[in-house]
């Protein structure tokens, strides 16, 4: 599973733009990052686990690790 593809799919399904997601993240984290920075993160295949967690949290999702 590619987490960035999953995040992008959620964004399409929920009709959320990069700018909207960026605003949600900035509000949650009290930061002032640009949408371009977020776009770069989502276009790389090596997004940090913590970044993916933050993004999914503002989208209303969480990561679960389940033993096989």
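Residue numbers (our numbering): 2 to 69. Beta carbons are placed, not taken as given, at the ideal position from N, Cα and C, and that holds for glycine.
- For the set 32, 40, 63 and 48, the Cα lying nearest the Cα of residue 18 is the one of 40.
- Every candidate beta strand (DSSP E) stretch fails here, since none sits fully inside the stretch 21-52 while reaching 3 residues.
- In the DSSP assignment, residue 15 falls outside any alpha helix (DSSP H) and carries neither an H nor an E.
- Counting other Cβ atoms within 10 Å of its Cβ, residue 56 reaches 16 or more and is therefore classed as buried.
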